[in-house]
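Enquirer: Add 39 to the 1-based position in the sequence shown for this note's numbering, that's all there is to it.
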Amino acid sequence: MVQFQFLDWFWVVLFLMVTVGLGVAFYRLGKRSESDFFLAGRGLPWWLPASSVYATHTATDTPIWVTGVVYKYGIAGLWYTFFAAWCAISAFVSTRIFRRSLAYTQAEWNTIRFHGLGAEMLRGWISGWQVFMNMFILGWVGIAMGKVCNYLFGWDLWIGLVLFSSLCAIYVLAAGYWGVIMADFQQGIIAFLMIIIVSVWGIMAAGGPTVIADKL
40 MVQFQFLDWF WVVLFLMVTV GLGVAFYRLG KRSESDFFLA GRGLPWWLPA
90 SSVYATHTAT DTPIWVTGVV YKYGIAGLWY TFFAAWCAIS AFVSTRIFRR
140 SLAYTQAEWN TIRFHGLGAE MLRGWISGWQ VFMNMFILGW VGIAMGKVCN
190 YLFGWDLWIG LVLFSSLCAI YVLAAGYWGV IMADFQQGII AFLMIIIVSV
240 WGIMAAGGPT VIADKL
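1. Which term fits M56, buried or exposed, when burial requires 16 or more other beta carbons within 10 angstroms of its beta carbon?
2. Can L196 and K186 be called in contact, C-beta distance under 8 Å?
3. Identify which residue in Y93, V219 and T99 has its Cα closest to the Cα of V63.
4. Hey, how far is the Cα of Q225 from the Cα of A94?
5. Do the stretch 80-92 and the stretch 137-151 make contact, defined as three or more Cβ pairs closer than 8 Å?
6. Quick check on the burial criterion: 16 or more other C-beta atoms within 10 angstroms. Buried or exposed for M172?
7. Look at the Cβ atom of P88, then the Cβ atom of T134, and state whether they are nearer than 8 Å.
8. Ignore the nearest five residues each way along the sequence and tell me which others in A146's own chain have a CB closer than 6 Å to its CB.
9. What residues in its chain sit with their C-beta under 7 Å from that of Y216, if we drop five residues either side in the sequence?
10. When burial is assigned at 16 or more other CB atoms within 10 Å of the CB, is D100 buried or exposed?
11. Name the residue from M184, Y66 and A252 whose alpha carbon lies nearest to the alpha carbon of I209.
12. Taking only three categories from DSSP, how would you classify S72?
13. Assuming A222 contacts L61 (C-beta within less than 8 Å), just tell me the rounded distance between them.
14. Pick out the complete alpha helix (DSSP H) segments inside the stretch 152-235, 4 residues or longer, and give them in chain order.
15. Do you know whose CA, among F203, L212, D253 and V52, lies nearest A98's CA?
16. Please list the terminal residues of the continuous alpha helix (DSSP H) segment that includes W86.
17. Excluding the five sequence neighbours on either side, which residues of its own chain have a C-beta within less than 6 Å of the C-beta of S90, listed in chain order?
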C-alpha cells in the first residue's frame, strides 16, 4: 500500500475535478438529439476522435501489460506491443474517412461501403464480434484498475473493478460522446506527457543511455 502525500492527493483531485467538469460542461450538448449523444452532432474535427482512440489505447491496462512483457522478454518483447502502435496510427488515418461516411458504428459502415446480402452478413458478424471482444476488453481494463487500487490503497481487486466500472458507466450515460471525447482528449495529453517524463526519469535513474546500452 502506497502512502499518498498532500501533493499526490492534490493532483488526483485536480484530475478528477477536470474530468467531471468536462462531463458537466458538455452534459446539455449530449441531450439535444440521438446524434449529439452518440456522435457529438457529427461536428467534431477528425483529430479529436483520433485523439480519443489514442487515449483509450493508453488506458490503465496498457502500462501494466507492456511492463510485464518487457520484464519477461526484454526489449525484444516490445514487438508484441506493436499492434497498439498500429491502433494509434490507424486512428489518425481512418477517422477522417469514417467521419465522412456518416455511419453511427463500424458495423453500419460495412453496409455503406459494401452492398447486398454479403454486406448485411458482414454487419451482423462485426456486431457480434465487437460484443464478444469488448467483454474481454472491459474485463481486463477493469481488472487492471482493481490491481492499481490494490497496490495504492490495499483494496480487494473487485472493489476497484466494480467502483470505477460503475463510475465510468454513469459518466458515459450522463455526458454522452461530447463528455467522453473531451475527457479522453485531456487524458491523452496527460498520458503522452507522463510517458515522456517517466521514460526520461527511468533512463536517468538507470545511469543514462550509455550505461543501459553497456548492460544489454
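Positions of the beta carbon are idealized from the N, C-alpha and C atoms, including for glycine.
Expert: Inspection of the coordinates gives the following:
1. Walking along the sequence shown from the start, residue 56 turns up at place 17. By the Cβ-count criterion, M56 is exposed, with fewer than 16 other Cβ atoms from all chains shown falling within 10 Å of its own Cβ.
2. By one-based count along the sequence shown, residue 196 stands at place 157. By one-based count along the sequence shown, residue 186 stands at place 147. Yes, Cβ-Cβ distance for L196 and K186 is below 8 Å.
3. One-based indexing of the sequence shown puts residue 63 at position 24. It is V219.
4. Against the sequence shown, residue 225 aligns to sequence position 186. Against the sequence shown, residue 94 aligns to sequence position 55. Spanning the two alpha carbons is a distance of roughly 9 Å.
5. yes
6. Residue numbering aside, residue 172 sits at position 133 when the sequence shown is read from its first letter. The residue in question, M172, is exposed, as its Cβ has fewer than 16 Cβ neighbours within 10 Å.
7. Along the sequence shown, one-based indexing puts residue 88 at 49. Along the sequence shown, one-based indexing puts residue 134 at 95. The answer is yes: Cβ separation under 8 Å.
8. Locating residue 146 in the sequence shown gives position 107, where the first residue counts as 1. Excluding the 5 residues flanking it on each side, A146 has same chain C-beta neighbours closer than 6 Å at R162, I165 and S166, in chain order.
9. Walking along the sequence shown from the start, residue 216 turns up at place 177. Closer than 7 Å at the Cβ level, and outside the excluded window around Y216, lie G69, F76, F77, L78 and A79.
10. Reading the sequence shown from its first residue, position 61 is the one you call residue 100. The residue in question, D100, is buried, as its Cβ has 16 or more Cβ neighbours within 10 Å.
11. Looking up residue 209 in the sequence shown gives position 170. If we check each option's Cα against that of I209, Y66 comes out closest.
12. For this step, residue 72 is matched to residue 33 along the sequence shown. In the structure shown, S72 adopts coil according to DSSP, grouped into three states.
13. If you number the sequence shown from 1, residue 222 lands on position 183. If you number the sequence shown from 1, residue 61 lands on position 22. That pair is a contact at about 5 Å.
14. Correct list: 155-192.
15. Within the sequence shown, residue 98 is the residue found at index 59, counting from 1. Measuring from the Cα of A98, the nearest candidate turns out to be F203.
16. Position 47 of the sequence shown holds residue 86. Segment W86 to T95, the alpha helix (DSSP H) holding W86.
17. Along the sequence shown, read from residue 1 onward, the residue named residue 90 stands at position 51. Closer than 6 Å at Cβ, skipping near neighbours: F224 and G227.
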